[in-house]
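Residue numbers (this note's numbering), protein chains in the order written: chain D, 171 to 539; chain H, 171 to 539; chain V, 171 to 539.
Below is one structure, written out as structure tokens; the observations come after it.
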Amino acid sequence: MSIKNLIFFGLLAFIPVSIAAHFLHWGPLIVFLTAGAAILPLAGWMGTATEEIAVVLGPSLGGLLNATFGNATELIIALVALNAGLIDVVKASLTGSIIGNLLLVMGLSMLLGGIRYKEQEFQPIIARVNASSMNLAVIALLLPTAMNYTSTGIGETTIQKLSIAVAFVLIAVYALTLLFSMKTHAYLYDVGVAEITEDSEETTEEHDAEDINLPLWVTVLLACTVLVAIESELLVGTLEEATAMLGLTSLFTGVILLPIVGNAAEHATAVTVAMKNKMDLTVSVAVGSSLQIALFVAPVLVIAGWLMGQPMDLDFNPFELVAVAVAVLITNSISSDGKSNWLEGTLLLAAYAVLGLAFYFHPVIEGIG
Amino acid sequence: MSIKNLIFFGLLAFIPVSIAAHFLHWGPLIVFLTAGAAILPLAGWMGTATEEIAVVLGPSLGGLLNATFGNATELIIALVALNAGLIDVVKASLTGSIIGNLLLVMGLSMLLGGIRYKEQEFQPIIARVNASSMNLAVIALLLPTAMNYTSTGIGETTIQKLSIAVAFVLIAVYALTLLFSMKTHAYLYDVGVAEITEDSEETTEEHDAEDINLPLWVTVLLACTVLVAIESELLVGTLEEATAMLGLTSLFTGVILLPIVGNAAEHATAVTVAMKNKMDLTVSVAVGSSLQIALFVAPVLVIAGWLMGQPMDLDFNPFELVAVAVAVLITNSISSDGKSNWLEGTLLLAAYAVLGLAFYFHPVIEGIG
Amino acid sequence: MSIKNLIFFGLLAFIPVSIAAHFLHWGPLIVFLTAGAAILPLAGWMGTATEEIAVVLGPSLGGLLNATFGNATELIIALVALNAGLIDVVKASLTGSIIGNLLLVMGLSMLLGGIRYKEQEFQPIIARVNASSMNLAVIALLLPTAMNYTSTGIGETTIQKLSIAVAFVLIAVYALTLLFSMKTHAYLYDVGVAEITEDSEETTEEHDAEDINLPLWVTVLLACTVLVAIESELLVGTLEEATAMLGLTSLFTGVILLPIVGNAAEHATAVTVAMKNKMDLTVSVAVGSSLQIALFVAPVLVIAGWLMGQPMDLDFNPFELVAVAVAVLITNSISSDGKSNWLEGTLLLAAYAVLGLAFYFHPVIEGIG
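Have a look at this one:
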């Protein structure tokens with residue numbers, strides 16, 4: 171606990187440091203790194219605050235809150251980057267988040283959990299429903315890319331219109347997925363919820379709704395949201411210069427680096443619970459987070475970009491299409507049986523390593539930094 | 171019943187109307203729409219006649235008849251369009267039929283059935299054999315496209331030769347699939363047949379072979395076949411002008427509109443039986459129809475085109491390849507466990523909607539209308 | 171037995187014949203065919219010698235030996251071809267080996283086994299672990315191709331560097347797969363081993379480690395290795411001229427012909443045991459062999475090419491990518507349930523036939539013969 175707290179407060183110190191670095195002109199690289207570090211504890215606190223408020227609001231409204239604010243950090247970073255016109259970085263970070271959750275988070279969880287337990291089990295039904303939703307989401311997200319890639323003479327406005335139409339379909343599907351998991355077929359998810367409750371009880375003592383200090387947590391949530399916005403500005407403002415100084419392309423930064431920062435909290439949770447043999451929770455965190463990005467964050471960004479006058483369409487780099495398709499295929503093939511072992515974790519990590527290498531060697535593309 | 175009959179006779183009235191529209195020059199749009207409406211009841215009657223004759227002929231010959239005439243309406247429309255040189259429309263209607271059966275028919279059935287029943291089950295073994303056959307069929311059909319797309323300098327005659335060779339392989343596979351389902355492994359399909367019989371008994375009283383008026387039904391089948399041909403001529407002859415007047419591309423017409431007309435009977439049957447919780451029958455109608463198109467109708471058209479001097483090859487628009495691959499993948503992922511619920515139906519429909527949007531926004535391609 | 175021996179010694183006679191053909195200038199076609207025929211019995215003996223030595227060395231070291239020398243014939247042919255600069259033929263034979271093992275060997279085994287037994291079963295767990303490893307391997311192998319195909323302006327050195335990095339990842343995964351199957355989860359593979367032992371006992375009487383004449387078998391292994399190298403020189407040296415005389419492209423030779431010669435021993439074993447209803451062994455031979463090629467032979471060749479100054483990268487012909495992806499998909503779809511029947515075997519063979527037709531009609535590509 172004390173080590174965890176130490177790391178936590180250590181990272182918190184990066185908030186003032188990053189702001190100082192910005193105003194005292196310590197150079198883009200330092201601003202970039204300290205802002206990235208400062209976001210980590212803020213993301214953690216936003217998650218805690220969201221969960222506490224959700225307990226007070228009860229299962230339905232609370233579930234909705236969780237579903238909306240679960241990836242708030244990523245959404246804020248993406249909105250700031252979108253506003254700054256870094257459209258390709260935003261798109262890259264979307265595919266990177268999906269790949270990272272499915273391969274890196276799941277892979278590390280299955281590997282570390284699998285070293286301790288010979289074989290771990292999780293609900294195959296949920297894995298399957300999730301897999302089908304994920305397949306649909308990925309298909310929908312990547313269809314404009316596929317269309318543009320397989321035909322010539324398609325105008326940008328056509329792709330833009332198609333992207334917005336797809337975004338509305340995805341948000342509708344997301345709403346129906348919530349209806350399914352929280353209302354009509356909530357019983358399927360009971361095991362997972364039991365594990366979540368059990369897990370929370372171990373870490374925090376108080377868990378009755380009346381014990382929770384609602385005003386406190388709302389304040390924390392708002393304060394963190396503002397701070398993350400501020401830090402995101404610093405991060406995004408220095409992103410191009412800093413990554414250039416590190417010799418990295420913006421594509422690599424968007425697909426590999428940003429998602430690791432944005433998803434650090436999920437990483438920690440998923441791996442921790444996997445090592446306690448609660449694979450249902452691991453799968454629900456990792457796949458749930460990817461689903462949220464594909465069905466909610468991505469379409470919100472498309473619509474936001476349209477309203478903000480930053481024409482964010484769903485026309486990805488074709489190699490991103492390949493990478494996401496590959497990540498979904500191998501995750502499906504590994505998780506469809508509801509069992510996992512260390513080799514399966516290793517295979518996911520190897521797939522991530524290979525994709526990471528490919529993005530590292532990938533030359534800079536026009537339109538990206 | 172009376173509503174059903176009313177609709178039926180109402181649609182039947184479009185037969186004389188469409189012919190009048192043609193000779194009295196009421197314009198291509200009216201001819202197109204009335205001919206389309208006239209085909210619906212004819213397709214229904216052809217289906218009934220085929221089934222009645224099949225009962226008289228006994229399981230083996232009758233099964234063969236069903237397998238050959240099951241998609242007779244589509245085959246006739248396609249042959250007429252092929253003869254008129256509308257090769258790209260024919261190809262588009264093939265992919266559209268596969269996509270429509272897998273996503274629209276299955277999706278609507280699972281959604282409406284799933285609203286009434288929390289969870290519906292069907293035989294996973296048949297679903298899997300069907301899925302494997304479907305995978306092979308789709309791979310074979312799309313291989314010439316993939317080959318042409320991934321390499322340069324492939325002559326048209328090469329693609330044509332490859333297409334004809336693939337067509338013969340597919341017809342052989344179709345024959346073997348019939349042998350499997352009707353002879354060597356017929357017992358696997360017993361559950362489905364029981365449901366079919368049970369379902370037929372509910373709707374029609376008389377079902378013994380001796381009660382069936384064979385000459386009557388043969389006459390009905392022949393008369394309907396002739397009428398569908400006639401109406402197909404009207405439909406195809408006005409297709410280009412009419413769709414242009416509606417502001418639609420020929421690609422959209424071929425992939426989305428024509429298959430809805432051609433498959434209306436299957437749509438009605440599949441959804442009706444799903445709402446009676448007979449999902450085996452739904453799956454066998456929807457997947458069976460796609461299989462028949464991929465393994466029988468498509469290769470027959472390739473060979474017919476070759477004999478008719480209309481070089482119909484299997485070089486599809488690459489985006490059609492993407493769409494069919496996507497439809498097969500998501501159907502496999504949803505149906506492989508032998509269970510369905512309303513969310514899975516919604517996901518299939520969402521996939522269909524997204525593909526429909528993409529085809530709607532897809533610009534006209536050279537060679538098509 | 172006697173027929174088998176007759177064939178065996180008959181083929182052995184091709185060793186002197188092929189050497190005579192070479193020195194007496196009987197023409198490239200005769201040298202090519204006789205060298206190909208001479209390799210068949212040598213490959214069989216190398217397999218037997220490897221297995222006998224493995225028994226003496228015990229399960230761990232013996233397993234390692236089997237895992238390394240299992241595809242020795244193919245590795246030798248490929249190294250000789252690589253040294254001769256026939257890089258595209260080597261690449262084509264890698265994809266061809268994978269396709270041939272998954273579709274031709276599995277398909278023929280399932281068909282012939284399925285004709286005798288209505289339904290055959292094998293361990294779905296192993297099939298699934300294998301499938302996941304295979305998916306990863308194929309993804310990794312084909313990623314450089316996908317990257318090169320989806321982007322422009324990627325230099326050859328980039329692809330080369332990426333290929334070498336991927337090769338090291340694959341060899342690491344291969345080592346971990348062996349650790350999994352021989353150490354941490356060896357119990358999963360017990361059924362297969364029991365069948366192997368049982369099967370061996372039927373064919374050979376003596377099977378205790380002390381009965382095995384180790385020096386004899388080491389000599390046999392070394393002698394065969396040298397002879398295969400020699401014969402490979404003859405085969406590779408005449409390959410281009412001979413296939414041109416037969417009217418075949420080098421692509422077809424590499425993808426279809428060479429793998430049939432190189433994998434003849436596996437073919438025979440897999441089909442024989444399938445007809446004895448030992449499908450676990452069939453699957454382990456066919457999929458195991460593909461896995462070995464993808465995870466061991468291919469990366470070793472990349473690294474060897476790099477050391478030999480023959481820049482063998484993993485940038486395949488895009489149609490090879492399609493073919494391998496298709497083979498893996500259909501094999502997964504058929505083998506994931508742990509059951510097989512004759513129709514499934516037929517579907518695999520039909521997929522092989524269709525791919526074979528496509529490669530046959532595929533025009534010669536620059537860089538290849």
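All C-beta atoms in this analysis are idealised placements derived from N, C-alpha and C, irrespective of residue type, glycine included.
Here the structure is a predicted model, which means the values were calculated and not measured.
Hey, residue i and residue j: beta-carbon distance below 8 Å or not?
{"i": "residue 462 of chain H", "j": "residue 241 of chain H", "result": "yes"}
{"i": "residue 152 of chain H", "j": "residue 262 of chain H", "result": "One cannot answer for residue 152 of chain H here, as it falls past the ends of chain H, which runs 171 to 539."}
{"i": "residue 297 of chain V", "j": "residue 508 of chain V", "result": "yes"}
{"i": "residue 527 of chain V", "j": "residue 335 of chain H", "result": "yes"}
{"i": "residue 115 of chain H", "j": "residue 409 of chain H", "result": "It is not possible to answer for residue 115 of chain H, since the shown part of chain H is limited to 171 through 539."}
{"i": "residue 428 of chain D", "j": "residue 266 of chain D", "result": "yes"}
{"i": "residue 268 of chain H", "j": "residue 520 of chain H", "result": "no"}
{"i": "residue 503 of chain D", "j": "residue 302 of chain V", "result": "yes"}
{"i": "residue 348 of chain V", "j": "residue 234 of chain V", "result": "yes"}
{"i": "residue 293 of chain V", "j": "residue 485 of chain V", "result": "no"}
{"i": "residue 304 of chain V", "j": "residue 498 of chain V", "result": "yes"}
Kindly indicate the opening and closing residues of the alpha helix (DSSP H) around residue i.
{"i": "residue 341 of chain D", "result": "326 to 349"}
{"i": "residue 480 of chain V", "result": "No alpha helix (DSSP H) holds residue 480 of chain V; DSSP gives it neither H nor E."}
{"i": "residue 381 of chain V", "result": "No alpha helix (DSSP H) holds residue 381 of chain V; DSSP gives it neither H nor E."}
{"i": "residue 265 of chain D", "result": "257 to 269"}
{"i": "residue 142 of chain D", "result": "Residue 142 of chain D lies beyond the range of chain D shown here (171 to 539); nothing can be said about it."}
{"i": "residue 223 of chain H", "result": "198 to 227"}
{"i": "residue 437 of chain D", "result": "434 to 445"}
{"i": "residue 458 of chain D", "result": "449 to 462"}
What three-state label does DSSP hand residue i in the structure shown?
{"i": "residue 353 of chain D", "result": "helix"}
{"i": "residue 289 of chain H", "result": "coil"}
{"i": "residue 509 of chain D", "result": "strand"}
{"i": "residue 426 of chain D", "result": "helix"}
{"i": "residue 192 of chain V", "result": "helix"}
{"i": "residue 371 of chain V", "result": "Because residue 371 of chain V sits at a pLDDT of 47, beneath the cut-off of 50, its placement in the model cannot be relied upon, and the point is left open."}
{"i": "residue 183 of chain D", "result": "coil"}
{"i": "residue 407 of chain V", "result": "helix"}
{"i": "residue 284 of chain D", "result": "helix"}
{"i": "residue 416 of chain H", "result": "coil"}
{"i": "residue 253 of chain V", "result": "helix"}
{"i": "residue 502 of chain V", "result": "helix"}
{"i": "residue 488 of chain H", "result": "helix"}
{"i": "residue 362 of chain D", "result": "Note that residue 362 of chain D scores a pLDDT of 48, beneath 50, so its modelled location is shaky and nothing firm can be said."}
{"i": "residue 526 of chain D", "result": "helix"}
{"i": "residue 535 of chain D", "result": "Here the model assigns residue 535 of chain D a pLDDT of 48, short of 50, so the residue's position is not dependable, and the following value carries that caveat. The answer is coil: DSSP assigns residue 535 of chain D none of H, G, I, E or B."}
{"i": "residue 240 of chain D", "result": "coil"}
Give the C-beta separation of residue i and residue j to the nearest angstrom, bearing in mind that I take them to be a contact with Cβ-Cβ under 8 Å.
{"i": "residue 245 of chain V", "j": "residue 467 of chain V", "result": "5 Å"}
{"i": "residue 516 of chain D", "j": "residue 346 of chain V", "result": "5 Å"}
At a cut-off of 7 Å, would you count residue i as near the ligand PLP, judging by its Cβ distance to the nearest heavy atom?
{"i": "residue 463 of chain V", "result": "What this structure holds is no ligand at all, so the ligand PLP is not there to describe."}
Quick one: which residues of the stretch 483 to 503 of chain V get their C-beta closer than 8 Å to a C-beta of chain D? List them in chain order. 502
At a CB distance below 8 Å, what residues from the stretch 512 to 532 of chain D approach chain V? Give them in sequence order. 512, 513, 514, 516, 517, 520, 521, 523, 524, 525, 527, 528, 531, 532
If the cut-off is 8 Å on Cβ atoms, which residues from the stretch 229 to 263 of chain V count as contacting chain H, listed in chain order? none
Compile a chain-ordered list of the residues in the stretch 263 to 293 of chain H whose CB is closer than 9 Å to at least one CB of chain A. Going by chain labels, chain A is absent from the structure shown, which instead holds the protein chains D, H and V.
Members of the stretch 299 to 311 of chain H near chain V, C-beta cut-off 8 Å: 299, 301, 302, 303, 305, 306, 309, 310
Using a Cβ cut-off of 7 Å, which residues of the stretch 314 to 341 of chain V contact any Cβ in chain D, in chain order? 316, 317, 320, 321, 323, 324, 328, 331, 332, 335, 336, 339
What residues in the stretch 446 to 459 of chain H bring their beta carbon closer than 8 Å to a beta carbon of chain D? none
Using a Cβ-Cβ cut-off of less than 7 Å, list which residues of the stretch 389 to 416 of chain V approach chain D; keep chain order. none
Listed from N- to C-terminal order along the chain, which residues in the stretch 190 to 219 of chain H have their beta-carbon within a distance smaller than 9 Å of any beta-carbon of chain V? none
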